[in-house]
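J.:
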Amino acid sequence: MKDPRFAEHLAIYVDVVRGRSFSSAARHRGVTPSAIVRQTDALEHSVGVPLLVRSTRALAMTDAGERLFERAQRLLDDLADTHAEIAAFDGAVTGVLRLACFPTFGKRYVIPTLETVMRDHPGLTVELDLTERLADPVLERLDAVIRIGELADSTLIATKLASQNRMLVAAPAYLDRHGTPTEAKDLTGHRLIDKLHGADLLGWTDVLGHPAGAAPGPQAVFRCDDFEAMRLAALAGIGIAFLADWVVGTDVRAGSLTRIPLDDER
95 MKDPRFAEHL
105 AIYVDVVRGR
115 SFSSAARHRG
125 VTPSAIVRQT
135 DALEHSVGVP
145 LLVRSTRALA
155 MTDAGERLFE
165 RAQRLLDDLA
175 DTHAEIAAFD
185 GAVTGVLRLA
195 CFPTFGKRYV
205 IPTLETVMRD
215 HPGLTVELDL
225 TERLADPVLE
235 RLDAVIRIGE
245 LADSTLIATK
255 LASQNRMLVA
265 APAYLDRHGT
275 PTEAKDLTGH
285 RLIDKLHGAD
295 LLGWTDVLGH
305 PAGAAPGPQA
315 VFRCDDFEAM
325 RLAALAGIGI
335 AFLADWVVGT
345 DVRAGSLTRI
355 PLDDER
């Protein structure tokens, strides 16, 4: 197609046929009839065949003109639908939102907010992957991943949601039986609750200087990949846990878990 104005001329031609006159198309477009005639002539020149049989009383389509009108109507209707569909993206939130995060975080903070978000955006559907593994948003076609810790070198766009503080906690009954440590070295002999996988990042190294269980240090008696299960183990008096404030902060404030500040934290 060599004529850069072919689509414009095609739309004018459809207006002429629908209005059954050049004057009607001119009124519809707010231009003079002569301008409509010139653009219709340009279209006929572009396709190389006559499209209209013109008389002083009426316009009639040739066979080629009728075929072009049928095709042009569909094309222009499709263009109008496409324009409306794309324009609807302006300010609208629709489609599938794919998220991944730790199970405890998703259950406590993501799911409670979804009802409001989805009510405000009825065209939105959500797929939430609650996983302890490090989800890859590119390979798994995820829109967003909520992670804990520093983001390694990456082309991903990252936004900090909040700061996290981790704390040592235990049930009051456990501390009554085993005593309350005041220094990291006092943890030797205590029963620890640890992360099953990823303990190098989310385990006891920040406190002990090495993973729990490394001889001759304190031993982990319960390991689990779920923060909520680790919290429940601490509440049950199984041992001391090292968990984030967003996991156990409410329990500490309620007194069901006791925070254990070591000397270097005081």
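Going by our numbering, the first residue of the sequence shown is number 95, and it counts up by one from there.
Here a beta-carbon is modelled for each residue, glycine too, at the ideal position from N, C-alpha and C.
Keep in mind the model is a prediction, meaning the values are calculated, not measured.
Helix, strand or coil: which one does DSSP assign to T352?
T.: Of the three classes helix, strand and coil, the one that applies to T352 here is strand, per DSSP.
J.: Would R285 and I354 qualify as a contact pair, given that the criterion is a beta-carbon distance under 8 Å?
T.: No, the pair does not count as a contact, with Cβ atoms beyond the cut-off.
J.: Taking just the CA atoms, how far does D319 sit from A229?
T.: So the two alpha carbons sit approximately 15 Å from each other.
J.: Report the residue from L302, A120, V190, D345 whose alpha carbon sits nearest the alpha carbon of R235.
T.: Answer by Cα proximity: V190.
J.: Which residues in the same chain have their Cβ closer than 8 Å to the Cβ of I158, if we skip the five residues on either side of it in sequence?
T.: Sequence inspection shows Ala at residue 158; the Ile mentioned does not correspond to that position. If we look at A158 and ignore the five residues flanking it on each side, its Cβ neighbours are V141, V143, P144, L145.
J.: Of the residues I205, H215, M212, which one's Cα is nearest the Cα of D223?
T.: The candidate whose alpha carbon is nearest that of D223 is I205.
J.: What number of angstroms, rounded off, separates the C-alpha of H272 from the C-alpha of D288?
T.: Straight-line Cα distance between these residues: approximately 18 Å.
J.: For F196, tell me which candidate among S350, A181, I240, A267 has the shortest Cα-Cα distance.
T.: Ranking the options by Cα distance to F196, first place goes to I240.
J.: Near V341, what residues of its chain come up, given a Cβ to Cβ distance below 7 Å and the 5 sequence neighbours on each side ignored?
T.: Result list for V341: T198, F321, R325, in chain order.
J.: Flag this pair as yes or no: are the beta carbons of L262 and I334 separated by less than 8 Å?
T.: Result yes, Cβ atoms of L262 and I334 sit closer than 8 Å.
J.: Hey, quick one: how far does the alpha helix (DSSP H) through T207 stretch, first residue to last?
T.: It spans 205-214 - the alpha helix (DSSP H) in which T207 sits, taken as one unbroken run.
J.: Considering Cα atoms alone, identify which of R121, V301, A323 is closest to K201.
T.: Checked all of R121, V301, A323; the closest Cα to K201 is A323.
J.: Return the CA-CA distance between L265 and D345, expressed in angstroms with no decimal places.
T.: The displayed chain sequence assigns Ala, not Leu, to residue 265. So the two alpha carbons sit approximately 10 Å from each other.
J.: Closer than 6 Å by C-beta to H291: which residues in its own chain qualify, once you throw out the five before and the five after it? Chain order, please.
T.: Closer than 6 Å at Cβ, skipping near neighbours: D319.
J.: Hey, is the region 158-168 in contact with the region 123-136, meaning 3+ C-beta pairs nearer than 8 Å?
T.: As far as the Cβ criterion goes, the region 158-168 does not touch the region 123-136, which means the pair count is below three.
J.: Using only the alpha-carbon positions, how far apart do V110 and Y203 sit?
T.: The alpha-carbon atoms of V110 and Y203 are separated by roughly 59 Å.
J.: In or out: G349 buried (at least 16 other Cβ within 10 Å) or exposed?
T.: G349 should be labelled exposed.
J.: In the structure shown, what three-state DSSP assignment does F321 receive?
T.: Of the three classes helix, strand and coil, the one that applies to F321 here is helix, per DSSP.
J.: Thinking C-alpha only, which one of R213, A194, L162, A174 is nearest V187?
T.: Taking only the C-alpha atoms, the option nearest V187 is R213.
J.: I'd like the list of long-range same chain contacts for A267, defined as Cβ closer than 6 Å, with 5 residues on each side in sequence excluded.
T.: G331, listed in sequence order.
J.: Have a look at L281, A256, A328 and flag the residue whose alpha-carbon is nearest the alpha-carbon of Q313.
T.: Checked all of L281, A256, A328; the closest Cα to Q313 is L281.
J.: What residue from I130, T276, L250, N259 has the CA that sits closest to L104's CA?
T.: Among I130, T276, L250, N259, the Cα nearest to that of L104 belongs to I130.
J.: Tell me the start and end of each unbroken alpha helix (DSSP H) in the region 259-289 that is at least 4 residues and wholly inside, in chain order.
T.: The qualifying runs are 266-272.
J.: How far does the alpha helix (DSSP H) with A174 in it extend, from its first residue to its last?
T.: 157-181 is the extent of the alpha helix (DSSP H) around A174.
J.: Could you have a look at T219 and say whether DSSP puts it in helix, strand or coil?
T.: Correct three-state label for T219: strand.
J.: Going by the CB atoms, is the gap between L208 and V220 shorter than 8 Å?
T.: In contact: V220 and L208 (Cβ atoms closer than 8 Å).
J.: If I follow the unbroken alpha helix (DSSP H) through V301, where does it start and stop?
T.: Segment 299-302, the alpha helix (DSSP H) holding V301.
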